[in-house]
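Our numbering numbers the first residue of the sequence shown as 104 and each following residue consecutively.
No residue lacks a Cβ here, since even glycine has one placed at the ideal position from N, Cα and C.
These notes are about the structure you will find just below.
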Amino acid sequence: RGNQEKQSDKYKRLEMRKGRRLCSGKDIALLSLGPVGQYAQDACCELLQEDIHVGHYDLRFFKPLDEALLHEVFQSYSSIITIEDGCIAGGVGTAVLEFMVEHGYSATLKRLGLPDSFAVQGTQQQLHQLYYYDKQAIIATVRQLHRDTAGEV
Numbered sequence: 104r105g106n107q108e109k110q111s112d113k114y115k116r117l118e119m120r121k122g123r124r125l126c127s128g129k130d131i132a133l134l135s136l137g138p139v140g141q142y143a144q145d146a147c148c149e150l151l152q153e154d155i156h157v158g159h160y161d162l163r164f165f166k167p168l169d170e171a172l173l174h175e176v177f178q179s180y181s182s183i184i185t186i187e188d189g190c191i192a193g194g195v196g197t198a199v200l201e202f203m204v205e206h207g208y209s210a211t212l213k214r215l216g217l218p219d220s221f222a223v224q225g226t227q228q229q230l231h232q233l234y235y236y237d238k239q240a241i242i243a244t245v246r247q248l249h250r251d252t253a254g255e256v
């Protein structure tokens with residue numbers, strides 16, 4: 104079902120309820136859930152060529168969220184983008200937003216995924232592009248956040 108090409112931990116035991124850091128970065132972190140994580144990983148590699156260092160975390164599990172991982176993210180990054188192949192309303196981005204508020208963190212948070220409306224029909228790739236959570240959308244969102252925060256002191 105998935106589309107992830109690279110499996111670096113093919114023979115490692117999957118630790119239940121634990122996410123993982125795939126890339127270290129500064130200022131901006133991507134939190135992905137599911138196969139769209141490959142878009143996030145590819146975006147990290149492409150942005151690195153522009154000297155934009157983005158952290159990428161694979162949440163792996165929606166419920167329960169890995170709170171230790173989220174504490175690490177919010178303590179290390181001022182801007183966070185969640186990417187999910189599902190409805191944003193009530194999804195993982197919303198859960199991360201609730202976590203941020205409950206623990207008193209302050210960050211810019213962007214959520215990428217499906218809107219809370221009837222989705223048109225198409226291939227996965229077409230829908231990811233149409234609803235703005237494919238690799239190019241992630242790159243554009245990171246660039247915009249990078250520009251917005253570059254002027255802050």
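To the nearest angstrom, how far is it from the Cα of LEU136 to the Cα of LYS166?
The sequence position of residue 136 within the sequence shown is 33, counting from 1. The sequence position of residue 166 within the sequence shown is 63, counting from 1. Using only the alpha carbons, I get a separation of about 11 angstroms.
What is the DSSP secondary structure of SER179, reduced to helix, strand or coil?
One-based indexing of the sequence shown puts residue 179 at position 76. Three-state DSSP puts SER179 in a helix.
Quick one: residues in its chain with C-beta nearer than 8 angstroms to the C-beta of ILE241, no 5 flanking neighbours on either side, listed in chain order?
Your numbering for residue 241 matches position 138 in the sequence shown. The residues are LEU133, TYR142, ALA143, ALA146, ILE184, ILE186 and LEU215.
Apply the 10 Å Cβ neighbour rule to CYS126 and answer buried if 16 or more other Cβ atoms are within range, or exposed otherwise.
Within the sequence shown, the letter at position 23 stands for residue 126. Looking at its Cβ environment, which holds 16 or more other Cβ atoms inside 10 Å, CYS126 is buried.
With LYS129 as the anchor, note down where its alpha helix (DSSP H) starts and where it stops.
Sequence index remark: in the sequence shown, residue 129 carries index 26 (1-based). Here LYS129 belongs to no alpha helix (DSSP H), and DSSP marks it neither H nor E.
How is VAL245 classed by DSSP in three states: helix, strand or coil?
The sequence position of residue 245 within the sequence shown is 142, counting from 1. VAL245: helix per DSSP, three-state reduction.
Check whether the segment 204–222 touches the segment 163–183, taking contact to mean three or more Cβ pairs, one atom from each stretch, closer than 8 angstroms.
These segments touch.
If the criterion is Cβ atoms closer than 8 angstroms, does the pair ASP219 and ILE191 meet it?
Counting from 1 along the sequence shown, the entry for residue 219 is found at position 116. Counting from 1 along the sequence shown, the entry for residue 191 is found at position 88. Taking 8 angstroms as the Cβ cut-off, ASP219 and ILE191 qualify as a contacting pair.
If you drop the 5 nearest sequence neighbours on each side, which residues of the same chain put their C-beta closer than 6 angstroms to that of LYS121?
As a first step, residue 121 must be located in the sequence shown, where it is residue number 18. Same-chain partners within the cutoff: ASP169.
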